[in-house]
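Position 154 of the sequence shown, counting from 1, maps to 137 under the numbering used here, and the rest follow consecutively. Ideal Cβ positions, reconstructed from N, Cα and C, are used throughout, including at glycine. What follows is a single structure, written as structure tokens, with notes after it.
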Amino acid sequence: MKFFSSILPTVGIAMLGAVSVLAQSSDVIITGLQTVTQSSRDLRTVVETITLFNAPVQGPKVATGLTNIGQSVVTVTKTITQGNFDPFSDDVAEDIVAALTAFVQVHQALLDTIIGKHRMLTLVGFHVPCILFSIIQGILQKTPFTKPVGLALQGLEAIVDTFAFAIIGLIPTRQDTAMTQLTSLDVTFTQSTNVYNS
-16 MKFFSSILPT
-6 VGIAMLGAVS
4 VLAQSSDVII
14 TGLQTVTQSS
24 RDLRTVVETI
34 TLFNAPVQGP
44 KVATGLTNIG
54 QSVVTVTKTI
64 TQGNFDPFSD
74 DVAEDIVAAL
84 TAFVQVHQAL
94 LDTIIGKHRM
104 LTLVGFHVPC
114 ILFSIIQGIL
124 QKTPFTKPVG
134 LALQGLEAIV
144 DTFAFAIIGL
154 IPTRQDTAMT
164 QLTSLDVTFT
174 QSTNVYNS
């Protein structure tokens, strides 16, 4: 009897430790997603403020910001792939998908804003009178601002695809929901890379 009375607390502590590790691992992923989401939100604020007058200063921040977001996604992906996590339970998967959904929505809004500023960034590369902007816009598509943005978009798209493959295996009960979100984001990535690389 003494054996059971001494072993039960030990088993209980071990199980509590396992639950704690599981919670920590999902928290790391969720926190990583939230950090990337905030970075996307912050860059969108920068992109929204781009005007014809401040584009020479603000324009380069777009590609740099996209690159920084990509580095953050790489960090989250490494956390996932090097963490040797087992698939998460449905309630944990639900929390991860909620963070993923927020990331997708904010990132799509960022990409839509970047698409909306393409013409501005195209025009800013030229120092000619405003009347000529519309004429040369169709002739010269790439400027010192649009080419780096196009390359950064392509790089970020590849990084997010790698991230998607890493996270899908951890949330088997929510794979369909996650794939719907990631597919939606992929469509927006395609639109933005088409605009900046055409």
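1. Answer with buried or exposed for S181, where buried requires no fewer than 16 other C-beta atoms within 10 angstroms of its C-beta.
2. Measuring alpha carbon to alpha carbon, tell me which residue in I154, A76, I63 and S22 is nearest F86.
3. Decide yes or no for the touch test of the region 20 to 40 against the region 76 to 92: beta carbon pairs closer than 8 Å, at least 3 of them.
4. Taking T34 as the reference, give the member of S8, T105 and A135 with the closest Cα.
5. Can you tell me whether N67 is helix, strand or coil according to DSSP?
6. Tell me the DSSP secondary structure of K100 in three-state form.
7. Compute the beta-carbon to beta-carbon distance between R157 and T96, rounded to the nearest angstrom, for a pair I have assumed lies under 8 Å.
8. Going by beta-carbon coordinates alone, are V132 and Y179 separated by less than 8 Å?
Let me lay it out:
1. exposed
2. S22
3. yes
4. T105
5. coil
6. coil
7. At roughly 28 Å, the Cβ-Cβ gap does not stay under 8 Å, so R157 and T96 are not in contact.
8. yes
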